[in-house]
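Below you'll find the structure, written out as structure tokens, and then a few comments.
Take a look at the structure:
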């Protein structure tokens with residue numbers, strides 16, 4: 001990427017779209033109100049965000065790259081950007097006209113608020129773009145009603161209630177997005193089960209190969225990458241389908257394999273620890289005792 005435009009403030013993006021800045025830390029763009037001049041990005045092939053941004057895409061033909069992968073948005077999708085993320089722009093359809101909305105807010109808006117303390121819990125800000133939230137017609141109405149409330153506050157004279165009401169509506173917006181993502185996980189159950197089955201196969205292959213000795217104990221990121229999912233999305237998928245975190249799921253498999261290998265009297269416990277990817281045997285012993293209730297040597301003698 002040669003020309004990256006840094007969106008450091010809400011005003012940077014609003015000025016790019018030729019929109020009035022009503023508040024320095026939060027803004028909404030209705031693309032119906034953006035003229036042709038505000039769409040021209042010919043000088044840039046990527047945007048780097050240093051504020052939070054959520055885009056509701058209502059038109060096909062909007063192509064972007066995220067993490068080196070292309071994504072063509074369908075109508076009615078929400079995509080989330082967190083500070084530090086970059087979206088690469090690719091070729092648009094010749095007759096493409098952007099439709100939808102954008103809401104941007106700066107981290108400074110949330111200083112001293114409850115939302116600021118819990119923002120990290122909205123894991124969808126770390127999902128990749130092909131894991132966008134696909135809204136139903138009813139869900140879209142809810143999202144638009146909240147954007148309307150925030151816009152109403154932005155158009156009022158600032159008073160002592162403004163920040164509280166704006167932040168409260170952003171929090172409600174994000175809470176609804178959490179609910180809608182839960183619905184999406186359920187409606188894509190077949191696809192999710194397929195991912196879990198592939199995860200199980202990859203886990204078994206990992207422990208039956210020399211990868212643990214080369215790369216160490218398996219990580220959530222390793223499997224997410226091979227399933228072409230972002231680590232956060234993959235972790236949430238595993239949690240919703242199994243009730244366990246992805247890390248717990250991996251450790252359960254590791255302990256299953258460890259129990260089988262502990263039965264082999266021809267190998268020392270240190271050898272088994274190294275085969276499973278542990279740098280230090282004592283780390284293996286500690287985890288095994290935590291999960292099984294006995295040390296590897298006690299377990300071997302008991303059985």
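Residue numbers (full-length UniProt numbering): 1 to 303.
Glycine included, every Cβ here is placed at the ideal spot set by N, Cα and C.
When the Cα atoms are used, what is the spatial distance from residue 153 to residue 118? Numbered from 1 along the chain shown, position 153 holds the residue referred to as residue 153. Numbered from 1 along the chain shown, position 118 holds the residue referred to as residue 118. Using only the alpha carbons, I get a separation of about 23 Å.
Using only the alpha-carbon positions, how far apart do residue 3 and residue 87 sit? Residue 3 sits at position 3 when you count from the first residue of the chain shown. Residue 87 sits at position 87 when you count from the first residue of the chain shown. Approximately 12 Å between the Cα atoms of the pair.
Span separating the alpha-carbon of residue 199 from that of residue 207: Residue 199 sits at position 199 when you count from the first residue of the chain shown. Residue 207 sits at position 207 when you count from the first residue of the chain shown. Spanning the two alpha carbons is a distance of roughly 13 Å.
How is the alpha helix (DSSP H) around residue 225 delimited, first residue to last? Locating residue 225 in the chain shown gives position 225, counting from the first residue. First-last of the alpha helix (DSSP H) with residue 225: 220-226.
Count the other CB atoms within 10 Å of the CB of residue 201; is the residue buried (16 or more) or exposed (fewer)? On the chain shown, residue 201 is found 201 positions in, with the first residue counted as 1. Exposed, because fewer than 16 other Cβ atoms sit within 10 Å of the Cβ of residue 201.
Cβ of residue 170 within 6 Å of any heavy atom in the ligand PLP? Ligands displayed in this structure: none; no statement on the ligand PLP is therefore possible.
Tell me the residue span of the beta strand (DSSP E) that contains residue 54. Indexing the chain shown from 1 puts residue 54 at position 54. Taken as a continuous stretch (DSSP letters only), the beta strand (DSSP E) holding residue 54 covers 52-57.
Meets three-Cβ-pair contact criterion under 8 Å: the segment 3-23 and the segment 101-115: yes
Nearest by alpha-carbon distance to residue 18: which of 5, 25, 33 is it? By 1-based counting over the chain shown, the position of residue 18 is 18. For residue 18, the nearest C-alpha among the options comes from 33.
Euclidean distance between Cα positions of residue 291 and residue 195: Position 291 of the chain shown, counted from the first residue, corresponds to residue 291. Position 195 of the chain shown, counted from the first residue, corresponds to residue 195. Approximately 26 Å between the Cα atoms of the pair.
Taking three-plus beta-carbon pairs below 8 Å as touching, is the segment 251-263 in contact with the segment 145-152? no
Should residue 23 go down as buried or exposed, given a rule of 16 or more other Cβ atoms within 10 Å for buried? The sequence position of residue 23 within the chain shown is 23, counting from 1. Answer is buried; the Cβ neighbour count reaches 16.
Range of the contiguous beta strand (DSSP E) that encloses residue 5: Locating residue 5 in the chain shown gives position 5, counting from the first residue. Element bounds for residue 5: 4-7.
Identify which residue in 77, 269, 164 has its Cα closest to the Cα of residue 181. Position 181 of the chain shown holds residue 181. If we check each option's Cα against that of residue 181, 77 comes out closest.
Span of the beta strand (DSSP E), counted from its first residue to its last, around residue 49: Walking along the chain shown from the start, residue 49 turns up at place 49. It spans 46-49 - the beta strand (DSSP E) in which residue 49 sits, taken as one unbroken run.
Top-ranked residue by Cα proximity to residue 259, from 234, 197, 295: Within the chain shown, residue 259 is the residue found at index 259, counting from 1. Closest option to residue 259, Cα to Cα, is 295.
Validate contact between the segment 135-145 and the segment 159-171 using beta carbons, cut 8 Å, 3 pairs: no
Can you have a look at residue 271 and say buried or exposed, based on whether 16 or more other CB atoms are within 10 angstroms of its CB? Taking the chain shown and counting its residues from 1, the one referred to as residue 271 is at position 271. Residue 271 should be labelled exposed.
Straight-line CA distance for residue 131 to residue 298? Locating residue 131 in the chain shown gives position 131, counting from the first residue. Locating residue 298 in the chain shown gives position 298, counting from the first residue. Taking the straight line from one Cα to the other gives about 45 Å.
Tell me whether residue 21 sits in a helix, a strand or coil according to DSSP, three-state version. Here residue 21 refers to the residue found at position 21 of the chain shown. DSSP places residue 21 in coil when its eight states are reduced to three.
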